[in-house]
Amino acid sequence: MDALIRLIEEEYDLKIVGHHVERNTDKSLVVYLKSLKGKWVGKSLFSPTHRQEFILDAEEHLLRKGIHIPKTKKTRDNKRFIYWKGTPFIIQEWARGPMLALNTPFRIKRVGATLGKIHAASVGFKTASSEQFNAAPTWEEEYEQDFASLLRWRQMHEDTTDPKLRIIYQHLPFFLIAGKIALDSLQASTYFMQWKELPCYKHFLCHGDFNNGNLLADKQKITVIDWEDVRYDFPSKDISRILSLLMRKNKRWSPQSFHYLLSGYLNENSLSRSQRHLMYIDLAFPHIAERFLRQKQYLTMTGNEVATFLKREIKKIAFMLEQMKALE
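Letter by letter, the sequence shown follows residues -9 to 318 of the working numbering.
So this is what it looks like as structure tokens:
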């Protein structure tokens, strides 16, 4: 770490007077830095140069459009990053403020509005490596793989006597039926076929890890941090992430809370009827249930907790299927 600090001081003309490692995993290194010129965060995602360039280009586009994101400090030579152990290492402003809570209708709407602003501001973004980070062409493959994963799980556990696995097995038919309906609707959607063929600059940028822990509230300003997973995708991907956290916090599925979230979102990024239909298709597909099984998240849960989680997902998906059908 001393070698890294010396490199930062040399390349950025900073005198570091304090630092500590906030995260050091096989995926990223994050270091808090205190200097005579202020507080900073240094990070390496252990990613290729072209990926780091895409992330920074996306952040700069959104900054120009008024989205509050920590600015990246440039080196003495006006470069956006240095290299540490062969991969890009950036320094950004240290962002202040507590994470935005999800405990009132006003705050839920505010989170939705923040996400809507991001998506609306992102349209028009284009950079050299855009095509490599566009998720749209892989949607059908993702749906088919997730559906096949659910089928495999059922086949592997049809004779299980484990009480917890039996609970999952008994709830699985709903997810398979819903998955088939959503997949058929996706493949029949004229809008989806048109959307996935759009040039990148007409797609939305999705944050990829949009949760209230990455939303720092400072008076009237919300700073959005940790853009490591940014890509071109559809609004439902970010909406699904924050909705799952909201459900976990409430310990139940709440149509009213979803209404608060979506109304805040649509006030800032008004989606067409066809776009809302695709959003509901994606929210109705059991992506989260599939991930729950594939990652074996149930291993750390009790039987009652597993049943509660599955029933919550079933209620959510049933609601999304109804909304999807209403827009056909």
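All C-beta atoms, glycine included, are put in the ideal place defined by N, C-alpha and C.
Computed from a predicted structure; not experimentally measured.
Flag this pair as yes or no: are the beta carbons of A126 and H193 separated by less than 8 Å?
Yes; because the gap between Cβ atoms is below 8 Å, this pair is in contact.
Considering only residues of the segment 46 to 125, which uninterrupted alpha helix (DSSP H) runs meet the minimum length of 4 residues and lie entirely inside it, listed in chain order?
You should have 95 to 112.
How would you write the range of the alpha helix (DSSP H) that W185 sits in, first residue to last?
First-last of the alpha helix (DSSP H) with W185: T180 to W185.
Within the same chain, show all residues whose beta-carbon is closer than 7 Å to that of D208, passing over the 5 residues directly before and after it, in chain order.
Result list for D208: R86 and G87, in chain order.
Measure the C-alpha to C-alpha separation of I6 and D136 and round it to an integer number of angstroms.
Distance between the alpha carbons of I6 and D136: 47 Å.
Within this structure, are the beta carbons of I59 and L52 separated by less than 8 Å?
Going by C-beta atoms, I59 is nearer than 8 Å to L52.
Please state the DSSP three-state secondary structure of R193.
Residue 193 is actually His in this sequence, not Arg. Three-state result, H193: coil.
Below 8 Å between beta carbons: does that hold for K154 and G28?
Cβ atoms of K154 and G28: not closer than 8 Å.
From the DSSP secondary-structure annotation, give me the bridge partner or partners of D208.
Bridge partners of D208: K211.
Could you tell me whether the Cβ atoms of S139 and E303 are closer together than 8 Å?
For S139 and E303, no; Cβs fall outside 8 Å.
Distance check for P245 and M237, CA to CA, integer angstroms please.
If you take the alpha carbons of M237 and P245, they lie about 10 Å apart.
Are the beta-carbon atoms belonging to Y181 and G114 less than 8 Å from one another?
No, these two residues do not count as a Cβ contact at 8 Å.
For the structure I just gave you, are there three or more beta carbon pairs, one from the segment 310 to 318 and one from the segment 264 to 278, closer than 8 Å?
Contact holds: three or more Cβ-Cβ distances are below 8 Å.
Are at least three pairs of beta-carbons, each pair with one atom in the segment 169 to 180 and one in the segment 193 to 204, less than 8 Å apart?
Touching, no, given that fewer than three Cβ pairs across the two stretches are closer than 8 Å.
Whose C-beta lies closer than 6 Å to the C-beta of E49 among residues of the same chain, with five residues either side of it excluded?
I59 and W217.
Does the distance from the C-beta atom of S34 to that of T77 stay below 8 Å?
Yes, they are a contact pair.
D223: which of L268, Q42, Q145 and E318 sits nearest, CA to CA?
Taking only the C-alpha atoms, the option nearest D223 is L268.
Where does W129 fall in DSSP's three states?
If DSSP states are grouped into helix, strand and coil, W129 belongs with the helices.
According to DSSP, is R302 part of a helix, a strand, or is it coil?
Three-state DSSP puts R302 in a helix.
Would Y2 pass as a contact of L105 if the rule is Cβ separation under 8 Å?
For Y2 and L105, no; Cβs fall outside 8 Å.
Smallest Cα separation from T65: which of Q210, G32 and F248?
Considering only alpha carbons, the answer is G32.
Among L289, N14 and Q82, which one has its Cα closest to the Cα of D152?
Here the closest residue by C-alpha is L289.
Can you list, in chain order, the residues of its chain with a C-beta nearer than 6 Å to that of K306? Leave out the 5 residues immediately preceding and following it.
Cβ neighbours of K306 beyond the five flanking positions: W243.
What residue range does the beta strand (DSSP E) around H9 cover?
Unbroken beta strand (DSSP E) run through H9: I6 to N14.
Since L261 is in the alpha helix (DSSP H), which residue starts that stretch and which ends it?
That residue, L261, is in no alpha helix (DSSP H); it is neither H nor E in DSSP.
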